[in-house]
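All remarks here apply to the structure that follows.
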Amino acid sequence: MNYRPDPLTRIMARAARGIMTMPEPLLRLIARPPRNGRGYLLDADVAMSLALLKIIGSGKGIGELEAAEARYEIDREAYLAGGPGPKVRTRDEEIAGVPVRRYFGFPLADATAPAVLFINSPGLWRTSRRAIDELAGAVRLALEVRQ
(Lines of atoms letter the chains of each structure in order from A and count residues from 1; the text may use other names and numbers.)
(Lines give C-alpha, C1' and ligand atoms only; values in the text may rest on other atoms or scores of the structure.)
Protein backbone atom coordinates (compact mmCIF):
# COMPACT_ATOMS: atom_id res chain seq x y z
CA MET A 1 0.00 0.00 0.00
CA ASN A 2 1.34 3.43 -0.91
CA TYR A 3 -0.13 6.01 1.45
CA ARG A 4 -1.17 9.23 -0.23
CA PRO A 5 -2.35 11.93 2.18
CA ASP A 6 -5.53 13.79 1.35
CA PRO A 7 -5.48 17.64 1.41
CA LEU A 8 -6.93 17.84 4.94
CA THR A 9 -4.27 15.45 6.28
CA ARG A 10 -1.56 17.56 4.61
CA ILE A 11 -2.91 20.69 6.31
CA MET A 12 -3.09 18.91 9.68
CA ALA A 13 0.48 17.65 9.26
CA ARG A 14 1.79 21.16 8.55
CA ALA A 15 -0.08 22.54 11.56
CA ALA A 16 1.22 19.74 13.80
CA ARG A 17 4.80 20.31 12.62
CA GLY A 18 4.41 24.02 13.33
CA ILE A 19 3.18 23.29 16.84
CA MET A 20 6.14 20.96 17.42
CA THR A 21 8.57 23.85 16.80
CA MET A 22 7.36 25.65 19.94
CA PRO A 23 9.83 25.96 22.84
CA GLU A 24 9.90 23.01 25.23
CA PRO A 25 8.40 24.87 28.23
CA LEU A 26 5.41 25.88 26.10
CA LEU A 27 4.98 22.33 24.77
CA ARG A 28 5.07 21.00 28.34
CA LEU A 29 2.46 23.55 29.41
CA ILE A 30 0.09 22.72 26.54
CA ALA A 31 0.55 18.93 26.51
CA ARG A 32 -1.21 17.93 29.68
CA PRO A 33 -0.73 15.58 31.39
CA PRO A 34 3.02 15.26 30.75
CA ARG A 35 2.99 11.72 32.17
CA ASN A 36 1.99 8.41 30.66
CA GLY A 37 -0.53 5.96 32.10
CA ARG A 38 2.10 4.48 34.41
CA GLY A 39 3.07 7.87 35.79
CA TYR A 40 6.40 8.25 33.98
CA LEU A 41 7.33 11.80 33.00
CA LEU A 42 7.33 12.23 29.22
CA ASP A 43 9.58 14.49 27.19
CA ALA A 44 7.66 17.58 26.11
CA ASP A 45 7.76 16.62 22.42
CA VAL A 46 6.50 13.10 23.13
CA ALA A 47 3.68 14.43 25.34
CA MET A 48 2.69 16.92 22.63
CA SER A 49 2.84 14.25 19.90
CA LEU A 50 0.51 12.02 21.91
CA ALA A 51 -1.84 14.95 22.59
CA LEU A 52 -1.95 15.79 18.88
CA LEU A 53 -2.63 12.17 17.93
CA LYS A 54 -5.62 12.18 20.28
CA ILE A 55 -6.96 15.17 18.37
CA ILE A 56 -6.12 14.21 14.78
CA GLY A 57 -5.81 10.42 15.06
CA SER A 58 -8.49 7.95 14.06
CA GLY A 59 -9.87 7.71 17.58
CA LYS A 60 -9.38 3.94 17.64
CA GLY A 61 -6.50 1.93 18.97
CA ILE A 62 -4.45 0.03 16.40
CA GLY A 63 -5.51 -3.24 18.01
CA GLU A 64 -9.18 -2.40 17.36
CA LEU A 65 -8.68 -2.13 13.60
CA GLU A 66 -8.48 -4.78 10.90
CA ALA A 67 -4.92 -5.35 9.65
CA ALA A 68 -5.31 -3.28 6.45
CA GLU A 69 -6.96 -0.42 8.35
CA ALA A 70 -4.24 -0.54 11.02
CA ARG A 71 -1.46 -0.36 8.41
CA TYR A 72 -3.21 2.60 6.77
CA GLU A 73 -3.58 4.38 10.13
CA ILE A 74 0.08 3.77 11.05
CA ASP A 75 1.16 5.11 7.66
CA ARG A 76 -1.08 8.15 8.20
CA GLU A 77 0.28 8.76 11.70
CA ALA A 78 3.85 8.37 10.42
CA TYR A 79 3.10 11.01 7.80
CA LEU A 80 1.54 13.32 10.39
CA ALA A 81 4.49 12.97 12.77
CA GLY A 82 7.34 12.33 10.39
CA GLY A 83 7.85 15.56 8.57
CA PRO A 84 8.84 15.66 4.94
CA GLY A 85 10.13 12.40 3.55
CA PRO A 86 13.84 11.84 3.10
CA LYS A 87 15.51 13.33 0.04
CA VAL A 88 16.34 9.98 -1.50
CA ARG A 89 15.37 7.97 -4.53
CA THR A 90 13.64 4.66 -4.05
CA ARG A 91 13.12 1.80 -6.42
CA ASP A 92 10.68 -1.03 -5.81
CA GLU A 93 12.03 -4.36 -7.03
CA GLU A 94 11.49 -8.06 -6.57
CA ILE A 95 14.06 -10.51 -5.27
CA ALA A 96 13.04 -14.14 -5.72
CA GLY A 97 9.43 -12.99 -6.12
CA VAL A 98 9.45 -10.93 -2.90
CA PRO A 99 8.81 -7.17 -3.17
CA VAL A 100 11.67 -5.05 -1.80
CA ARG A 101 12.44 -1.33 -1.80
CA ARG A 102 15.96 -0.02 -2.41
CA TYR A 103 17.02 3.43 -1.25
CA PHE A 104 19.61 5.61 -3.00
CA GLY A 105 21.06 9.06 -2.45
CA PHE A 106 22.16 9.09 1.17
CA PRO A 107 25.32 11.14 1.83
CA LEU A 108 27.04 8.11 3.37
CA ALA A 109 25.65 5.52 0.96
CA ASP A 110 28.87 3.65 0.34
CA ALA A 111 30.28 0.30 1.39
CA THR A 112 31.01 1.52 4.94
CA ALA A 113 27.61 3.12 5.61
CA PRO A 114 25.32 1.62 8.26
CA ALA A 115 22.41 -0.33 6.88
CA VAL A 116 19.05 -1.46 8.17
CA LEU A 117 17.24 -4.47 6.77
CA PHE A 118 13.59 -4.23 7.73
CA ILE A 119 11.59 -7.38 7.12
CA ASN A 120 7.89 -6.81 7.55
CA SER A 121 5.18 -9.41 7.53
CA PRO A 122 1.98 -7.36 7.72
CA GLY A 123 0.19 -10.32 9.24
CA LEU A 124 2.49 -10.05 12.26
CA TRP A 125 3.30 -6.34 12.33
CA ARG A 126 0.72 -3.68 11.69
CA THR A 127 2.97 -1.35 9.78
CA SER A 128 4.39 -0.90 6.33
CA ARG A 129 7.43 0.33 4.44
CA ARG A 130 5.89 3.83 4.38
CA ALA A 131 6.07 4.16 8.17
CA ILE A 132 9.71 3.08 8.11
CA ASP A 133 10.47 5.54 5.29
CA GLU A 134 9.34 8.40 7.53
CA LEU A 135 11.39 7.40 10.56
CA ALA A 136 14.63 5.71 9.55
CA GLY A 137 17.84 7.59 8.80
CA ALA A 138 20.22 4.87 7.66
CA VAL A 139 20.74 3.20 4.32
CA ARG A 140 17.80 0.82 4.11
CA LEU A 141 16.52 -2.17 2.26
CA ALA A 142 12.88 -2.73 3.14
CA LEU A 143 11.31 -6.10 2.51
CA GLU A 144 7.59 -6.56 2.85
CA VAL A 145 6.16 -10.07 2.85
CA ARG A 146 2.65 -10.39 1.42
CA GLN A 147 0.49 -13.45 1.81
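Just so we're aligned, residue 326 is where the sequence shown starts under the numbering used here, counting upward by one.
Just so you know, even glycine gets a beta-carbon here, dropped at the ideal spot from N, CA and C.
Proximity to residue i [Cα-Cα], best of the options
i      : options                           : result
Leu378 : Thr334, Arg363 and Arg416         : Thr334
Gly384 : Ile399, Asp370 and Val371         : Ile399
Ile381 : Gly422, Tyr404 and Leu351         : Tyr404
Asn361 : Gly388, Glu389, Tyr397 and Ala376 : Ala376
Pro330 : Ile344, Gly386, Glu402 and Gly364 : Glu402
Thr346 : Val371, Arg396, Tyr365 and Leu367 : Val371
Glu349 : Leu367, Ile336 and Glu394         : Leu367
CB of residue i within 8 Å of CB of residue j, strictly
i      : j      : result
Ala340 : Ala356 : no
Ala406 : Ser374 : yes
Val413 : Glu419 : no
Classification of residue i by the beta-carbon crowding that lies within 10 angstroms, buried from 16 upward
i      : result
Leu449 : Confidence is the limiting factor: at Leu449 the pLDDT is only 49, short of 50, which leaves the residue's position unreliable and the question unanswerable from this model.
Tyr428 : buried
Ala392 : exposed
Arg416 : exposed
Pro359 : buried
Tyr328 : buried
Gly352 : Here residue 352 is Leu; the residue named in the question, Gly, does not match the sequence. It is buried - the Cβ of Leu352 has at least 16 other Cβ atoms within 10 Å.
Glu389 : exposed
Ala421 : exposed
Arg396 : buried
DSSP three-state assignment for residue i, whether helix, strand or coil
i      : result
Asp331 : coil
Tyr428 : strand
Leu352 : helix
Residue span of the alpha helix (DSSP H) that contains residue i, given as start and end
i      : result
Ile380 : Ala369 to Ile381
Ile387 : No alpha helix (DSSP H) holds Ile387; DSSP gives it neither H nor E.
Where the beta strand (DSSP E) through residue i begins and ends
i      : result
Arg414 : Arg414 to Ile420
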